[in-house]
Amino acid sequence: MPQTPHIEKHFTAGDTVRDVIIGMSDGLTVPFALAAGLTGAIASSHIVLTAGFAEIAAGSIAMGLGGYLAARSDAEHYASERRREEEEIITMPEAEAREVRDIFKTYGLTQSESAAVVEALRQRPQDWVDFMMRFELGLEKPEPGRALKSALTIALSYVVGGIIPLSAYLIFADAHRALNISIGVTLVALLVFGAVKGRFTGTPMIRSGLQTAMIGGLAAAAAFAIARLIA
2 MPQTPHIEKH FTAGDTVRDV IIGMSDGLTV PFALAAGLTG AIASSHIVLT
52 AGFAEIAAGS IAMGLGGYLA ARSDAEHYAS ERRREEEEII TMPEAEAREV
102 RDIFKTYGLT QSESAAVVEA LRQRPQDWVD FMMRFELGLE KPEPGRALKS
152 ALTIALSYVV GGIIPLSAYL IFADAHRALN ISIGVTLVAL LVFGAVKGRF
202 TGTPMIRSGL QTAMIGGLAA AAAFAIARLI A
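The structure is reproduced here in structure tokens:
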């Protein structure tokens, strides 16, 4: 009797998607909050734009550098731990074999059931190291060139996100009028971005969109209110 093939529809958000989310979320909210705060104190779109683009430049560099350093740190940590595992399977193979059996024990396998696998791993040192890296330490091999790719993705996403709330100030000279337009444009962008983020991360799209828009709106409102009190 023919059977319908089982197709799994899992989605795992990749590192690139994570970087876009980091860059866009900050890019949409930080320049938006800055522009709103400045508008609370001044009425010139030119000054808001100058400060806004300066913040985008500084923020994208800082965020990109942070992404680069984080990815480099992950790669260096992985390499260090792998060297340690390669040394341990040579200098203390029995202890490492016991660790393999302990890992299989957590999956319900008996000593005799895991013995064959342990023996096979002894004959394949690199596979043994790969096994220990993944199942003992929970570490995956970093993608080559990941650090630079992460830096560029986060920085560019930050720039794209930051331009959206400032676009109204490019059109209208009156900062307060531009702010009203910027609020609407940015809230729509936050809703759309939040929904897309929810689609990739497995969160309900409507809830994710509303949460993202609420966070961005609160940040801008707080900056605007503080600027009003200080001015």
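FYI, in the working numbering the residues of the sequence shown are 2 to 232.
Heads up, the beta-carbon is just placed ideally off N, CA and C, and yes, glycines get one too.
Out of curiosity, what's the CA-to-CA distance linking S115 and F105? 7 Å
Can you name, in chain order, every residue of its own chain whose Cβ lies under 7 Å from the Cβ of V18, other than the five neighbours on each side? F201
Rounded to whole angstroms, what is the Cα-Cα separation between E95 and L140? 22 Å
If we cut at 7 Å on Cβ distances, does G195 have a partner in chain C? In the structure shown, chain C cannot be found, because there is only a single protein chain.
contact_flag[the segment 157–168, the segment 29–39] where n(CB pairs < 8 Å) is 3 or more: yes
Beta-carbon proximity list for A1, same chain, < 7 Å, skipping 5 on both sides: The shown model of the chain, from 2 to 232, leaves out residue 1, and the question about it has no answer.
Between the beta-carbon of A156 and the beta-carbon of G65, is there less than 7 Å? yes
List the endpoints of the continuous alpha helix (DSSP H) containing K150. R147 to I172
Stretch-stretch touch, CB-based, cutoff 8 Å, three pairs: the segment 46–65 with the segment 185–192: no
Do you know how far the Cα of I90 is from the Cα of E97? 6 Å
Proximity to V233 [Cα-Cα], best of I184, L29 and E86: Outside the shown range of the chain (2 to 232) lies residue 233, about which nothing can therefore be said.
Start and end of the alpha helix (DSSP H) containing R135? Careful: R135 lies outside any alpha helix (DSSP H) and carries neither H nor E.
Determine which residues share a DSSP beta bridge with S45 and list them. D175
Beta-carbon within less than 8 Å of V118's beta-carbon, same chain only, minus the 5 sequence neighbours each way: which residues are those? V101 and F105
According to the Cβ coordinates, are V160 and I227 closer than 7 Å? no
Taking T40 as part of the alpha helix (DSSP H), name the residues at either end of that continuous run. D16 to T40
Which word fits K238, buried or exposed, when buried means at least 16 other C-beta atoms lie within 10 angstroms of its C-beta? Because the chain spans 2 through 232 in this model, residue 238 falls outside it and cannot be assessed.
Could you have a look at T213 and say whether DSSP puts it in helix, strand or coil? helix
D128 versus S183 - alpha carbon distance: 55 Å
Secondary structure of R85, DSSP reduced to three states: helix
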